[in-house]
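Student: Protein chains in written order, with numbering that gives the first Met the number 0: chain L, 0 to 439; chain H, 0 to 439; chain S, 0 to 439; chain Z, 0 to 439. Structure provided below as structure tokens; questions to follow.
Number of protein chains: 4
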Amino acid sequence: MPPSSMIEGVLRRITAQGRSLIGQSRRNADLIAECKTIVSTAGQASGLARARDVLDQYAAANDDRKLAFLTGLATQFGPDAEALGACIDSYLSGHSPAGMRDLHQVSEPGGVEVIRRLNRAPGATADLLSMRTDVLRLKRDNAELEALDRDFRHLFGSWFNLGFLEMRRIDWSVPAEILEKFITYEAVHEFRGWEDLRRRVGAPDRRLYAFFHPSMPAEPLIFVQVALTRDIPRAIAPILAEDRATLPPQEANTAVFYSITNCQEGLRGIAFGSFLIKQVVEQLRFELEGLERFVTLSPVPGLRAWAEDPANADGLLAPRHVAAIAALDTNWAGEGLPEEARSPALSEIAAIYLTRATRSEGGARDPVAHFHLGNGARLEAINPGADTGRRGWARSWGVMVNYLYDFASIERNHEAYANDGAVIASSAIRRLGRPRKERG
Amino acid sequence: MPPSSMIEGVLRRITAQGRSLIGQSRRNADLIAECKTIVSTAGQASGLARARDVLDQYAAANDDRKLAFLTGLATQFGPDAEALGACIDSYLSGHSPAGMRDLHQVSEPGGVEVIRRLNRAPGATADLLSMRTDVLRLKRDNAELEALDRDFRHLFGSWFNLGFLEMRRIDWSVPAEILEKFITYEAVHEFRGWEDLRRRVGAPDRRLYAFFHPSMPAEPLIFVQVALTRDIPRAIAPILAEDRATLPPQEANTAVFYSITNCQEGLRGIAFGSFLIKQVVEQLRFELEGLERFVTLSPVPGLRAWAEDPANADGLLAPRHVAAIAALDTNWAGEGLPEEARSPALSEIAAIYLTRATRSEGGARDPVAHFHLGNGARLEAINPGADTGRRGWARSWGVMVNYLYDFASIERNHEAYANDGAVIASSAIRRLGRPRKERG
Amino acid sequence: MPPSSMIEGVLRRITAQGRSLIGQSRRNADLIAECKTIVSTAGQASGLARARDVLDQYAAANDDRKLAFLTGLATQFGPDAEALGACIDSYLSGHSPAGMRDLHQVSEPGGVEVIRRLNRAPGATADLLSMRTDVLRLKRDNAELEALDRDFRHLFGSWFNLGFLEMRRIDWSVPAEILEKFITYEAVHEFRGWEDLRRRVGAPDRRLYAFFHPSMPAEPLIFVQVALTRDIPRAIAPILAEDRATLPPQEANTAVFYSITNCQEGLRGIAFGSFLIKQVVEQLRFELEGLERFVTLSPVPGLRAWAEDPANADGLLAPRHVAAIAALDTNWAGEGLPEEARSPALSEIAAIYLTRATRSEGGARDPVAHFHLGNGARLEAINPGADTGRRGWARSWGVMVNYLYDFASIERNHEAYANDGAVIASSAIRRLGRPRKERG
Amino acid sequence: MPPSSMIEGVLRRITAQGRSLIGQSRRNADLIAECKTIVSTAGQASGLARARDVLDQYAAANDDRKLAFLTGLATQFGPDAEALGACIDSYLSGHSPAGMRDLHQVSEPGGVEVIRRLNRAPGATADLLSMRTDVLRLKRDNAELEALDRDFRHLFGSWFNLGFLEMRRIDWSVPAEILEKFITYEAVHEFRGWEDLRRRVGAPDRRLYAFFHPSMPAEPLIFVQVALTRDIPRAIAPILAEDRATLPPQEANTAVFYSITNCQEGLRGIAFGSFLIKQVVEQLRFELEGLERFVTLSPVPGLRAWAEDPANADGLLAPRHVAAIAALDTNWAGEGLPEEARSPALSEIAAIYLTRATRSEGGARDPVAHFHLGNGARLEAINPGADTGRRGWARSWGVMVNYLYDFASIERNHEAYANDGAVIASSAIRRLGRPRKERG
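Take a look at the structure:
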């Protein structure tokens, strides 16, 4: 019996034994009351059994019951306002480090300790990620869950510390039960079944790397797909083609990150992507000495929504840009792309959007641009007509972008972007996106 | 290349690459300044390199330099008193949950974030455990480290959540590099070399179970040693004897926990022992249906120090007890034990100590008793003359104790002890420890 | 680096190094001359390189070149007729055991030693299995290869001794690169893609077990598929249905072997099936105490060819059987089966075929019957209309059969069949197959 | 349950089940009769049980019973003299390849098939190796076992084909149950306990590589120990010293094979050593680019026995050599070595022995020299005073030798030695060993 299944079996038996102590699980048990018992008593078998029971009942609940539980978790577990008041008084009177730590400790939201205790049950971590996924969904209409979401994010940030992650290369020697997760999670360029997966993990010029957390060894957290090529690609179809010729990896000079997928909605706000890209770059540089550059082939998901909204474009787009947009077929559904998808105006609009449209808190408005620029990459090229799919048309009229990870400048770029919101772009793009006088 | 070594290799290369960015490590770098840079910048390669460098320099430092670093870590990283003051004002004005969370967040000691960032470096977790071991040692003379110790304990408590631990059975098929850790760590009944280890992990009637954390797969956190026997043992020597006959496990009716060892001083205050014992009990019950009882054979480390101090004994010990103590050889160094080691008075003294001597915060004074009673075990038997070693004489005149883990009553016992400090003992021990009128 | 890839890498390097010794591989090298060099010299690096080269060139050769090589292998490597003559003389003069062994040794066909030497090259075993597959194909028109086939079979019988095989359960946790082999090899009831595979290895009431040889850890030799059911199944479709309800394994009372596949044509004549079935039975009995019987659901591949040939049926089939056969649609291609597929006459014909049609060397004429009866199974039930597929119609008008593995009688049945060709069948089948007077 | 333990468990259950079929094992069963049953019947469960039973009873038998069994195995299982006679007649009449193969098949000693059948039992291979070890021992006084030994060697040669072996590096991460085997088997320079083992497998400048057969994954077949050094070592003590300074492997220019050990007496005559050395050389060359040469530091086990026997020395040794020998202390038991151990005459005697003393069948008389010269190594240096141990004194007055594996000439050397018995030696040694006129 391997270690991991040993512990799982043992925990299940302890849980089962505890279950006999706590009696039949009542279908409609008050889950908040159960959690109060879990936190206040130290009995471990019964505590494990109660935790497992709460998680199971929660998972089976409808949204009303879930919302009631989450609201209770957010509000009914302290801190004790009186104790907190006393701590504040004490701190204000002395400003001692100990007083400050007491204050920190007493002000901890009680739900955090509940979540820690629930996590002791076998398999609990995945359940808690699901629970936070619910919080993210339900908080839109239930503002009181906003605070609970902060609690989850903070705790998960500690548990999923980068130091605990494992990077694994995923290839065709990986168990099917793990491989199928990638089929499920891939959102950017979907896998069309197992044969497609095989091409993208098994071909000598394709790679897939993922981060795992040791407590969930069969659940990827994030993964990136890489194509090894002879040049910077300008379109996605040749990369995904079924019948393409494969390139011996030793002959590749370019590594292309053509898809990055976060798998765990429940870990939103806890960033692994930058770390993963940098580890993959290091791994590939070590293995393949011929690689000269690392680029992405990325979507521009916010382009069209931005450009079609007159409020955004105002002052940035010129009348001929607006005219060009008007000429584009809104719901194109033909084969390939219409001719206008390659008009120079479209490249200019994309350049303006990427280099000059900003988000309120600063930085590039486009989320993918924000991610790569924040990592220190440079906006390298704009590729109209790069994505002939329907989704690409709906989001960006088929435009895709290359970001370049150049390790000589990556830290400098990162600092410039982080501190000043400076979008580092190639001169060609800077020229395309430059404000210009319209003639006539 | 297995996943774990893959990540380690990659991290080392990123670290090395970052090292070239941050320049030569200066032998006498200001480690606190380095940590400030780590926290304030987002560059990952340089951040990893700096973190690794800080940990390496710290590890090589002398106590003066260590103390300076730790003191800086405790005091120079906030929180920002002004921001905290503003948060307090805001909270006091509204008592909102968000305000309370802001308060909690702002009051977080800045050292905690430093430790989180340091942990991203390859192999950092073990270094951070060592760092806390230093804190525990140095805080005795440096009270300002007390607060830092709390920070470590809190953070480690989150990282080493019971849900993340792995229990493994350690037997003779385990790699030597892991086995030797047990030789190093075992403190209760030392291993006399590899042959002794082999007897205690490889014999069919002996077991050793340990907890591991997935980020330190070769470092046990805690382990317990078990003997499978036909009866409750009354002495330790037969269990450790080189030439004893082994018992087919199917014929055993008793599982004896004869040694429990915490390996990581740096995890002091984060309790795994109770959880481990309960998991081992479940595992053994599953495997061996003949087992009828689970007991310990435990030392009584505080007995003699307590009994020889007149201040303690006053009112609890009778004159004949005091006389019996006086008759015991203080520095016995002969073969075996002197005859007085088996005097009935000694059993009474031990019973009085274990059932009636309390610690200031309540509960049994003896630390081993406190641990097992706190787990819900029952004080089952007192065994004078059980430990013929010199250490046993120095600590308890050779007395050892059996605690019984009886699963029908364990939760009830635990509650009674936790809430009322009630020491659950067998009737024989209760009789021995009962206050009694001295005649004459 | 795991042991297996270590050795492979080392061997490849030795081979490469040897290659530089033996010079460029000539496209049209005389492979027989190469083999003579391999056998006659002891240089190991060069020997490995030559062996690898011979195997590679052979694999790339067309049938003419292959045939030339195989013929050379069969005829040009001795034994030395003169030496053999001398040995015979010597043996005849003394009949000593040593003389007999000399005779045995000298008479060994020289190709056997060539094959042994070729097997030292990295990955050679799989190549040699392919080579024998060629022999099996080519010997049909080239009788001189018959002897070489005997040599291969004898050597492989030694290498693939049952004591060296590993049985593994194949489930969804197995690497994809191994799982896909089963899709490739399954011949009885083809896998319709990965989802179908998943149902047949991943469902709780389905099992797949395979034998592997340690020198080819990713290549199954033979596998069997098992369904756990409540009753003896009478048709195959419900077992393979996509949308069937799964049965908790604990509730199953019957284990059904519904497909047995030999994967390695190159191992023809070396029997693993009986051993595999018996190991699977033991494994399942150990795991699932509720199992009461072990049966197959098997095709009757030779039924129709036998029954439609008047020469066979003569004397065994009655006129009404012949009439029933004439009424059956030869090339049925409709949905499901025609009504006549369930006529009682068809069951009788099948019973007569299975219990009374014999092969020239004795034993049941049907190959599947011969296999299971030879293992000691009992012919239990005949199921007309059990296989609605086109192949089933072509081979047996849709008839399938259950063989029962009853461990109380299996050795006795086996002996009776092996010694006397006695077909052990249920009384119902005996009745159906009984010779009977036709009325009128 | 991992595959290997799965199969073992299953086999044990089948065996147990078969045991109930064959009834109680009789303490004094006629093992030869049992083997006859095993060979003549096809029942698999009973066959396995019988095989296991024969192996167990054999292992427990005394030498008389073992000898009776082995003699029976050698003589009572055919071949059938009549059938063989018929085959011979048939072959002589036609000399057809098929006739020759029939002859080969019919002349196979019957014991070979018995051994193949016995090997199907769980764990049988190791038992059969032990059985041959007995044969090797007993055949000295029982010449009729000589033939059986040939049968074993031939069969084992097929099973242990080099293509099936796995090379593994043994370091401190290896399970203790495997590591301890090396302590048991090492004969050349014994391990003085676990700490010594640790130094010799765990130090960065020490290596240990072994061959394993997949059917005995915890049993090494042969292993070699390597020291990485700056120069060719002239003595063994510095290599084995407890307190030596370790060398970073990147700084080593020499790899020294200082011990080669065959572990399985039962595989005598089946040579793995040359193959292992060459694989280790390749592995080290791949890992460590700084290595410039590969040498041994080897004993000269036959030197003294040869030199002290006047019959041998006659004509090769000069009078002053004989005088030098007479001056050497026969039973030296002091510290270190006597002064005469470094006399120039001793080097000459060793050179004469190694280059000019031959075995009757040709080649160097010294077995270690024969092994390395046969591999193509060159006799490089003679080191008087290299081995200060008592065994070294007894065998070679402390002389040790370096053989050089030079890959540019290894195949040529090998051929020269194999074909002509030419001992390739450095010019210095050739000079030392040259026949010379004695003055006066």
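Glycine included, every Cβ here is placed at the ideal spot set by N, Cα and C. These numbers come from a predicted model, not from an experiment.
Could you check whether the Cβ of Gly201/Z sits closer than 9 Å to any Cβ belonging to chain H?
Tutor: Yes, Gly201/Z lies at the interface with chain H (some Cβ there is under 9 Å from its Cβ).
Student: What residues from the segment 236–255 of chain S come within 8 Å of chain Z, judged by C-beta to C-beta, listed N to C?
Tutor: If the cut-off is 8 Å between Cβ atoms, the segment 236–255 of chain S has nothing near chain Z.
Student: For Pro219/H, would you say it is in contact with chain L, using Cβ-to-Cβ distances shorter than 9 Å as the test?
Tutor: So no, Pro219/H is outside the interface.
Student: Note down, in chain order, every chain L residue with its Cβ under 7 Å from the Cβ of Ser172/S.
Tutor: Within 7 Å Cβ-Cβ: Pro174 and Glu176.
Student: With DSSP collapsed to three states, give me the class of Gly439/L.
Tutor: Only weak support is given to the placement of Gly439/L: the predicted model assigns it a pLDDT of 40, under 50, and the value that follows is read from those uncertain coordinates. Gly439/L: coil per DSSP, three-state reduction.
Student: Who are the neighbours of Leu161/S on chain Z, taking C-beta pairs under 7 Å?
Tutor: Arg119, listed in chain order.
Student: Is the Cβ of Tyr57/Z closer than 9 Å to any Cβ of chain S?
Tutor: With 9 Å as the cut-off, Tyr57/Z does not count as an interface residue toward chain S.
Student: Listing by chain order, which chain H residues have their CB less than 9 Å from the CB of Leu102/L?
Tutor: Simply Leu83, Ile87, Leu102, His103 and Ser106.
Student: Which residue marks the beginning of the alpha helix (DSSP H) containing Ile31/H, and which one marks its end?
Tutor: Unbroken alpha helix (DSSP H) run through Ile31/H: Leu30 to Ser39.
Student: For Met0/L and Gly162/H, I'd like the C-alpha separation in whole angstroms.
Tutor: Because Met0/L carries a pLDDT of 30, less than 50, the predicted location of this residue cannot be relied on, and no value is offered for it.
Student: Step through the CB atoms of chain H and report whether any lies within less than 9 Å of the CB of Met130/L.
Tutor: It does not: the Cβ of Met130/L has no partner Cβ on chain H nearer than 9 Å.
Student: Interface residues of chain L around Pro366/H at Cβ under 9 Å?
Tutor: Result: empty, since nearest Cβ-Cβ is about 18 Å, beyond 9 Å.
Student: Please indicate yes or no: does the CB of Glu165/S lie closer than 8 Å to some heavy atom of the ligand MN?
Tutor: Questions concerning the ligand MN fall outside what the structure shown contains, since it holds no ligand whatsoever.
Student: Hey, is Arg152/H's beta-carbon within less than 9 Å of any beta-carbon in chain Z?
Tutor: Judged by the 9 Å Cβ criterion, Arg152/H is not in contact with chain Z.
Student: Which one or two residues does DSSP pair with Met399/H in a beta bridge?
Tutor: Paired residues: Pro298/H and Asn382/H.
Student: Compute the beta-carbon to beta-carbon distance between Leu220/H and Gln263/H, rounded to the nearest angstrom, for a pair I have assumed lies under 8 Å.
Tutor: Their Cβ separation, rounded to whole angstroms, is 6 Å, which keeps Leu220/H and Gln263/H in contact under 8 Å.
Student: Considering only residues of the same chain and omitting the five flanking positions on each side of Leu176/L, which have a CB-CB separation below 7 Å?
Tutor: With the sequence shown as reference, residue 176/L is identified as Glu, and Leu is not the correct amino acid for it. Answer for Glu176/L: Ala217, listed in chain order.
Student: Just tell me which of Gly268/L, Gly391/L and Ala368/L has its CA closest to the CA of Thr329/L.
Tutor: It is Gly391/L whose Cα lies nearest to the Cα of Thr329/L.
Student: State yes or no: is the beta carbon of Arg206/L nearer than 9 Å to at least one beta carbon in chain S?
Tutor: So no, Arg206/L is outside the interface.
Student: Within this structure, are the beta carbons of Leu227/L and Asp195/L separated by less than 9 Å?
Tutor: No; because the gap between Cβ atoms is not below 9 Å, this pair is not in contact.
Student: Give the interface partners of Leu91/H over in chain L, defined as CB-CB distance under 9 Å, in chain order.
Tutor: Residues of chain L passing the Cβ test: Gly84 and Ile87.
Student: With DSSP collapsed to three states, give me the class of Ile423/L.
Tutor: If DSSP states are grouped into helix, strand and coil, Ile423/L belongs with coil.
Student: When you compare only the Cα positions, how much space is there between Arg139/Z and Glu185/Z?
Tutor: Using only the alpha carbons, I get a separation of about 25 Å.
Student: Please list the partners that Ala146/S has in chain Z, where partner means a Cβ-to-Cβ separation under 7 Å.
Tutor: Pro96, Ala97 and Arg100, listed in chain order.
Student: Quick check: what's the CA-CA separation for Arg479/Z versus Asp230/Z?
Tutor: Past the edges of chain Z, shown from 0 to 439, lies residue 479/Z, and the structure says nothing about it.
Student: Is DSSP giving Ser359/H helix, strand or coil here?
Tutor: Ser359/H: coil per DSSP, three-state reduction.
Student: DSSP three-state label for Leu102/Z, please.
Tutor: Helix, per DSSP.
Student: When you compare the CB positions of Val398/Z and Pro383/Z, do they come within less than 9 Å of one another, or not?
Tutor: Closer than 9 Å, so yes.
Student: Just list the residues that DSSP pairs Gln224/S with in beta bridges.
Tutor: Beta-bridge pairing links Gln224/S to Leu207/S and Ser258/S.
Student: Evaluate Ser95/H with the Cβ neighbour count: other Cβ atoms within 10 Å of its Cβ, from every protein chain shown; 16 or more gives buried, anything less gives exposed.
Tutor: Label assigned to Ser95/H: exposed.
Student: Mind checking which residues open and close the alpha helix (DSSP H) that includes Met130/Z?
Tutor: Its alpha helix (DSSP H) spans residues Ala123 to Leu137.
Student: Find the residues of chain Z that neighbour Ser395/S, judging by a C-beta separation of less than 9 Å, and give them in chain order.
Tutor: Correct list: empty, because the minimum Cβ distance to chain Z is about 28 Å.
Student: Can you list, in chain order, the residues of its chain with a C-beta nearer than 7 Å to that of Arg267/Z? Leave out the 5 residues immediately preceding and following it.
Tutor: Taken in chain order, the residues that qualify are Leu135.
Student: Please state the DSSP three-state secondary structure of Thr253/S.
Tutor: In the structure shown, Thr253/S sits in a strand (DSSP, three-state: E or B).
Student: Using the beta-carbon of each residue, which ones in chain L are nearer than 8 Å to Thr74/H?
Tutor: Pro96, listed in chain order.
Student: Pro174/L by DSSP, collapsed to three states: which one?
Tutor: Looking at Pro174/L - three-state DSSP - the assignment turns out to be strand.
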